[in-house]
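Peer 1:
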Amino acid sequence: MNRAQKIARFNLIVILTALILSVTAVGIFFFAFDVPIQGALGGFGFMGIFGFTGLSPFLYKKETGKVSFDERDLLIQRKAYLGAYAIFWVLFVLGAMIPFFILGPKGTISVRYLPAMVFGGWFVVLLIQSIVTLEEYGWRDKGEKA
Amino acid sequence: MNQTKEVSWFYFVLGLACFLIPGSVAVFIAYDRGISFAPVLMFTGIVIWGGLFWLFPFICDKLGKRKKKVTFDERDQLIHKKAVMAAYVVLWLYFVAACVIAWCIVGPHGSISVNVMPLTLLGGLVIFTLAQGLATMIQYGQRDIGEKS
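Chains A and B supply the protein sequences, listed in that same order. The working numbering applies: residue 172 is where the first sequence begins, and numbers increase by one. The working numbering applies: residue 9 is where the second sequence begins, and numbers increase by one.
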């Protein structure tokens with residue numbers, strides 16, 4: 172497995188762990204402890220685990236004196252970015268238009284919705300990018316080296 | 009002007025037609041009958057289509073493989089990809105800036121009108137198109153330098 176694959180795999184594991192723990196926590200608070208939904212949404216605090224994705228470049232460092240990134244890697248990286256941003260665009264449009272559909276033209280939304288959109292966008296971009304990278308290289312180790 | 013540039017112009021005109029005609033119809037419906045589900049859905053469709061219009065050259069290239077004449081080669085594809093990437097980077101920065109600026113203006117407990125969201129989208133679409141066009145022009149060169157297909 173090369174460096175890009177390892178980073179994508181690490182990011183995917185972190186993202187899915189954060190998502191599963193958050194959804195489970197919200198579900199447990201709401202259904203098992205009868206916490207009101209506003210309080211139960213505090214379970215999304217587990218999304219903080221997502222911050223560990225920032226560590227991936229440090230965990231998988233470039234090997235000095237070796238070419239670890241060639242034209243094929245660049246092509247795969249570009250494909251992953253483009254795929255991620257294309258999905259992001261569709262979700263961005265839906266995220267902006269759904270409140271309009273639900274509340275009507277005279278409705279208002281809390282300004283907290285906007286940072287949530289930024290966070291959601293970042294989450295989606297990183298998730299799709301990791302999936303596309305692993306899909307392009309292959310999910311399993313096929314003896315590829317940097 | 010080489011054929012790629014001519015094709016780019018064609019895409020540009022086609023893109024305008026694809027956005028202007030349904031956009032005008034949506035505005036007309038909204039003006040005539042008030043804002044309802046149909047024009048808003050139309051607007052959403054146009055904005056999604058507009059943001060993904062960069063896929064069009066790749067689709068045309070795949071469909072036009074059987075033709076003998078090459079109009080969109082690897083270099084054009086690379087330039088197009090780079091331009092789209094640059095446009096997405098600018099779009100992301102704009103999106104984050106728009107959200108943070110709204111937060112700063114209204115304050116953490118404030119609220120904003122839902123009409124701000126479609127306007128943000130429109131701004132995003134304009135910025136994306138501008139950034140992509142600018143990146144393409146910079147990469148090809150702004151003037152005709154005798155390139156041929």
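Beta carbons: idealized from backbone N, C-alpha and C, even for Gly.
#1: Give me the Cα-Cα distance between F136/B and Y96/B, rounded to the nearest whole angstrom.
#2: In the DSSP assignment, what are the bridge partners of I280/A?
#3: Starting from the Cα of V124/B, find the closest Cα among W293/A, V296/A, K277/A and G291/A and give me that residue.
#4: Please identify the residue among L60/B, A46/B and P65/B whose C-alpha is closest to the C-alpha of L262/A.
#5: Once DSSP output is grouped into helix, strand and coil, what is the label at F51/B?
#6: Whose Cβ in chain B lies nearer than 7 Å to the Cβ of L285/A?
#7: Ignore the nearest five residues each way along the sequence and tell me which others in T224/A's own chain have a CB closer than 8 Å to its CB.
#8: Run down chain B in chain order and give the residues with a C-beta less than 9 Å from the C-beta of V295/A.
#9: Any beta carbon of chain B sitting closer than 8 Å to that of T279/A?
#10: Is M218/A close to chain B, meaning its C-beta is less than 8 Å from at least one C-beta of that chain?
#11: My output table needs one value for S239/A: the three-state DSSP class, helix, strand or coil.
#12: Going along the chain, which residues of the stretch 245-258 of chain A sit with their C-beta nearer than 8 Å to a C-beta in chain B?
#13: Taking C-beta to C-beta, are Y126/B and A267/A nearer than 8 Å?
#14: Identify, in the order they occur along the chain, each residue of the same chain with its Cβ nearer than 7 Å to the Cβ of S227/A, setting aside the five sequence neighbours on each side.
#15: By the DSSP assignment, the alpha helix (DSSP H) with N182/A in it spans what residues?
#16: Along the chain, where does the alpha helix (DSSP H) containing P228/A start, and where does it finish?
#17: Using the three-state DSSP reduction, which class does K233/A fall into: helix, strand or coil?
#18: Let me know the secondary structure DSSP gives I273/A once reduced to three states.
#19: Quick one: Cα of R174/A to Cα of F64/B, how far?
#20: Starting from the beta carbon of G292/A, find every residue of chain B whose beta carbon is closer than 8 Å, and list them in chain order.
#21: Determine whether the Cβ of V264/A lies closer than 8 Å to any Cβ atom of chain B.
#22: Cβ atoms of I54/B and F27/B: under 8 Å apart, would you say?
#23: Please report the straight-line C-alpha distance between S281/A and H117/B, rounded to a whole angstrom.
#24: I'd like to know whether the C-beta atoms of V92/B and W62/B end up nearer to each other than 8 Å.
Peer 2: Considering the structure as presented:
#1: Their backbone Cα atoms lie some 7 Å apart in a straight line.
#2: Answer is I120/B, bridged to I280/A.
#3: Closest by alpha carbon: K277/A.
#4: Sorting L60/B, A46/B and P65/B by C-alpha distance to the C-alpha of L262/A places L60/B at the top.
#5: In the structure shown, F51/B sits in a helix (DSSP, three-state: H, G or I).
#6: The answer, in chain order, is C107, A110 and W111.
#7: Its chain contains F181, N182, V185, I186 and L297 as the residues whose beta carbon lies nearer than 8 Å to that of T224/A, once the 5 sequence neighbours on both sides are disregarded; these appear in chain order.
#8: Chain order gives no chain B residues near V295/A, where near means a beta carbon separation below 9 Å; the closest approach is about 12 Å.
#9: Closer than 8 Å: yes.
#10: It does not; no Cβ of chain B falls within 8 Å.
#11: DSSP places S239/A in coil when its eight states are reduced to three.
#12: Going along the stretch 245-258 of chain A in chain order, one finds R249, Y252, L253, Y256 and A257 with a Cβ nearer than 8 Å to chain B.
#13: It should be pointed out that residue 126/B corresponds to Pro in this sequence rather than to Tyr. Remark: C-beta atoms of P126/B and A267/A approach each other more closely than 8 Å.
#14: By the criterion of a C-beta distance shorter than 7 Å, S227/A is surrounded in its chain by I178, F181 and N182, once the five residues flanking it on both sides are discounted.
#15: Start and end: R174 to G198.
#16: Here the alpha helix (DSSP H) through P228/A covers S227 to L230.
#17: The answer is coil: DSSP assigns K233/A none of H, G, I, E or B.
#18: In the three-state scheme derived from DSSP, where H, G and I count as helix and E and B as strand, I273/A is classed as helix.
#19: Taking the straight line from one Cα to the other gives about 32 Å.
#20: Within 8 Å Cβ-Cβ: W100 and F103.
#21: With a threshold of 8 Å between beta carbons, V264/A makes contact with chain B.
#22: Cβ atoms of F27/B and I54/B: closer than 8 Å.
#23: For the pair S281/A and H117/B, the Cα-to-Cα distance works out to about 7 Å.
#24: Cβ atoms of V92/B and W62/B: closer than 8 Å.
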